[in-house]
Amino acid sequence: MFKKLFSLVILLSLCFSTFSTEIEKTTYTFAERADSTLQLDIYKAKDDVRQPVLMFVFGGGFAMGKRDDNSYLDYYRYFAENGFTVVAIDYRLGLKGEKVPSVINYKPLRKAIGIAVEDLYTATDFLIKRANELQIDTSKIIISGSSAGAITVLQADYEHRNKMASDTILSAEFQYAGIISFAGAIFSSEGKPDYVINPAPTLFFHGSADRLVPYKQIRFLNLGMFGSYALAKRFKAKNFPYLFYSMENIGHDVALYPMDKFQPEILQFIREYVFEKKPLMVDINYFDPNQESKYTLSAKHYYRHYK
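1 is the number of the first residue of the sequence shown in my numbering; add one for each residue after it.
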């Protein structure tokens with residue numbers, strides 16, 4: 001069973017046609033759950049040197065989505081070509097078939113975030129244990145995500161840095177090196193998120209007109225979802241390194257399009273904040289009059305539409 005659990009299930013020696021010939025894709029099974037088999041794809045150029053890792057968690061409201069969606073492939077290729085081992089992971093979809101989450105009906109959302117974070121931790125542990133085989137630098141594991149995936153990566157760093165009861169997989173010696181969030185937020189039942197250990201340098205992208213994942217916050221007493229605006233404000237108050245792109249008058253489109261249009265800026269963030277460890281705190285109010293906001297669904301309409 002152990003061999004089956006962590007066996008290599010697909011090995012493609014030839015490159016995906018979508019990618020340049022230098023990029024290879026390999027698929028592993030990293031966990032067996034009661035109702036699903038979880039896999040991850042590794043994209044990397046042929047190279048004998050130990051590489052930094054860029055992990056990615058897909059979006060879809062914790063109800064849909066897939067790790068190898070065509071909309072993500074250019075993002076994977078770009079960073080694989082720039083010397084990263086790119087890892088796209090599965091996770092369990094905890095809101096599939098559930099009612100619309102809200103401040104009142106928050107338990108299904110909290111559970112969905114929890115199992116997604118657990119699966120991210122498990123995938124990370126899989127990589128750490130196979131670091132020599134995969135030729136990766138475990139001190140430079142960066143996690144990125146879109147929408148629900150962005151919530152997952154922010155939440156994962158938040159819970160691990162605070163040694164929460166849910167964090168039973170990763171060792172205390174390990175920390176993520178950087179966080180990249182495309183329209184994400186943190187769920188907290190303790191008011192404004194705070195950290196026992198300083199968070200990883202974080203890159204936030206968020207649309208100020210986002211109606212699906214809160215740009216600012218949705219809060220009832222100490223219970224709430226704290227979006228990028230609120231988190232960047234918190235980071236600044238605590239002198240935590242961050243870069244925040246506030247995409248003015250844009251909705252939930254920001255969960256996706258910066259992955260295509262801001263690849264050099266993302267790479268620069270990694271080099272400056274993660275590799276060079278510059279203690280920068282930067283807010284950028286970005287407005288493009290030619291960028292039309294097409295994704296304006298609220299959470300209520302999103303879950304009803306895709307149910």
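Note that beta-carbon positions come from the ideal geometry of N, C-alpha and C, so glycine has one too. From a predicted model like this one, the values you see are computed outputs, not experimental measurements.
Point to revise | Closest Cα partner of Ile180 within the set Gln268, Glu81, Gly145 | key: Numbered from 1 along the sequence shown, position 180 holds the residue referred to as residue 180. Measuring C-alpha to C-alpha distances from Ile180 to each of Gln268, Glu81, Gly145 identifies Gly145 as the nearest.
Point to revise | Sequence-distant residues of its chain with Cβ nearer than 8 Å to Lys192 (five each side left out) | key: The residue you call residue 192 lines up with position 192 of the sequence shown. So the qualifying residues of the chain are Phe226, Ala230, Arg234.
Exercise for review: Consult DSSP for Tyr106 and reduce its assignment to one of helix, strand or coil.
Suggested key: The count along the sequence shown starts at 1 and reaches residue 106 at position 106. Coil at Tyr106, not helix or strand.
Exercise for review: With a 10 Å radius around its C-beta and 16 neighbouring C-beta atoms as the bar for buried, classify Met164 as buried or exposed.
Suggested key: Residue numbering aside, residue 164 sits at position 164 when the sequence shown is read from its first letter. Met164 sits exposed, since fewer than 16 C-beta atoms from the chains shown fall within 10 Å of its C-beta.
Review point. For Glu32, which residues does DSSP report across the bridge?
Key: Numbered from 1 along the sequence shown, position 32 holds the residue referred to as residue 32. Among the bridge pairs identified by DSSP, Glu32 is matched with Thr37.
Check your understanding: Taking C-beta to C-beta, are Ala150 and Ala200 nearer than 9 Å?
Key -> Counting from one through the sequence shown, the residue named residue 150 turns up at place 150. Counting from one through the sequence shown, the residue named residue 200 turns up at place 200. Not in contact: Ala150 and Ala200 (Cβ atoms no closer than 9 Å).
**Study point:** Exposure label - Asp260; buried when at least 16 CB within 10 Å
**Key:** For the purposes of this step, residue 260 is identified with residue 260 of the sequence shown, where counting begins at 1. Taking a 10 Å sphere around the C-beta of Asp260, we find fewer than 16 other C-beta atoms and assign the residue as exposed.
Check your understanding: Of the choices Thr85, Thr29, Asp68, Ser147, whose alpha-carbon is the least far from that of Ala255?
Key -> The count along the sequence shown starts at 1 and reaches residue 255 at position 255. Per the C-alpha coordinates, the member of Thr85, Thr29, Asp68, Ser147 positioned closest to Ala255 is Ser147.
**Study point:** Exposure of Thr21, with buried meaning 16 or more beta-carbon neighbours within 10 Å
**Key:** In the sequence shown, counting from the first residue as 1, residue 21 sits at position 21. At Thr21 the pLDDT is 46, less than 50, meaning the model places this residue with poor confidence; the figure from the coordinates comes in the next sentence. Classification of Thr21: exposed, given that the 10 Å Cβ count is below 16.
Exercise for review: Note the first and the last residue of the continuous beta strand (DSSP E) segment covering Val245.
Suggested key: If you number the sequence shown from 1, residue 245 lands on position 245. According to the sequence as given, residue 245 is Tyr; it is not Val. Per DSSP, the continuous beta strand (DSSP E) segment holding Tyr245 begins and ends at 242-247.
Point to revise | Whole-number beta carbon distance between Ala123 and Leu40, since they are thought to touch under 8 Å | key: Locating residue 40 in the sequence shown gives position 40, where the first residue counts as 1. Locating residue 123 in the sequence shown gives position 123, where the first residue counts as 1. Indeed, because the Cβ distance is near 5 Å, the residues count as touching under 8 Å.
Exercise for review: Buried or exposed for Ala88, please, with buried defined as at least 16 other CB atoms from any protein chain shown within 10 angstroms of its CB.
Suggested key: Taking the sequence shown and counting its residues from 1, the one referred to as residue 88 is at position 88. Buried, since its Cβ has 16 or more Cβ neighbours within 10 Å.
Review point. Measuring CB to CB, does Ser188 end up less than 9 Å from Phe204?
Key: Numbered from 1 along the sequence shown, position 188 holds the residue referred to as residue 188. Numbered from 1 along the sequence shown, position 204 holds the residue referred to as residue 204. Taking 9 Å as the Cβ cut-off, Ser188 and Phe204 do not qualify as a contacting pair.
Check your understanding: At which residue ranges does the stretch 51-80 contain complete beta strand (DSSP E) runs of 3 or more residues, listed in the order of the chain?
Key -> The stretch 51-80 contains these whole beta strand (DSSP E) runs: 51-57.
Exercise for review: For the alpha helix (DSSP H) containing Arg234, list its first residue and its last residue.
Suggested key: The residue labelled residue 234 in the question sits at position 234 within the sequence shown. Segment 228-238, the alpha helix (DSSP H) holding Arg234.
Exercise for review: Taking Asp137 as part of the alpha helix (DSSP H), name the residues at either end of that continuous run.
Suggested key: As a working mapping, residue 137 is identified with position 137 in the sequence shown. First-last for Asp137: 136-146, but that is the beta strand (DSSP E), not the alpha helix (DSSP H).
Check your understanding: Going by the beta-carbon positions, is the gap between Val86 and Ile141 smaller than 9 Å?
Key -> The residue given as residue 86 occupies position 86 in the sequence shown. The residue given as residue 141 occupies position 141 in the sequence shown. With respect to Ile141, Val86 sits apart: the two C-beta atoms are not nearer than 9 Å.
Check your understanding: With DSSP run on the structure shown, which of helix, strand or coil describes Asp283?
Key -> Looking up residue 283 in the sequence shown gives position 283. Three-state result, Asp283: strand.
Review point. With distances taken from CA atoms, which of Tyr28, Tyr257, Ile128 is nearest Asp314?
Key: A query on residue 314 cannot be resolved here, the shown segment of the chain reaching from 1 to 307 and no further.
Review point. Who does Leu203 pair with in a DSSP beta bridge?
Key: For the purposes of this step, residue 203 is taken as the residue at position 203 of the sequence shown. Partner(s): Ile180, Leu243.
Practice item. Could you pull out every residue in the same chain whose Cβ sits closer than 8 Å to the Cβ of Glu159, ignoring the five residues on either side in sequence? Key: Here residue 159 refers to the residue found at position 159 when the sequence shown is read from its first residue. Non-local beta-carbon contacts of Glu159 in its own chain, meaning distances under 8 Å to residues more than five positions away in sequence, involve Val117, Ser166, Asp167 in chain order.
Point to revise | Own chain, CB closer than 6 Å to Ile186, minus 5 neighbours either side, in chain order | key: The residue labelled residue 186 in the question sits at position 186 within the sequence shown. Non-local beta-carbon contacts of Ile186 in its own chain, meaning distances under 6 Å to residues more than five positions away in sequence, involve Leu154, Gln155, Tyr158, Pro193, Phe226 in chain order.
Review point. Quick one: is Ser171 buried, meaning 16 or more other Cβ sit within 10 Å of its Cβ, or exposed?
Key: For the purposes of this step, residue 171 is taken as the residue at position 171 of the sequence shown. The residue in question, Ser171, is exposed, as its Cβ has fewer than 16 Cβ neighbours within 10 Å.
Check your understanding: Can the beta-carbon of Leu134 be found closer than 9 Å to that of Arg92?
Key -> The residue given as residue 134 occupies position 134 in the sequence shown. The residue given as residue 92 occupies position 92 in the sequence shown. The answer is no: Cβ separation not under 9 Å.
Check your understanding: On the three-state DSSP scale, how would you describe Tyr195?
Key -> Here residue 195 refers to the residue found at position 195 of the sequence shown. Coil.
Exercise for review: Would you list the residues sitting across from Ile89 in a DSSP beta bridge?
Suggested key: To locate residue 89, count along the sequence shown from 1; it is residue 89. Beta-bridge pairing by DSSP links Ile89 to Leu40, Val57.
Check your understanding: Going by C-alpha distance, which of Ala232, Ile218, Val196, Ile113 is nearest His206?
Key -> To locate residue 206, count along the sequence shown from 1; it is residue 206. Checking every option, the nearest Cα to that of His206 belongs to Ala232.
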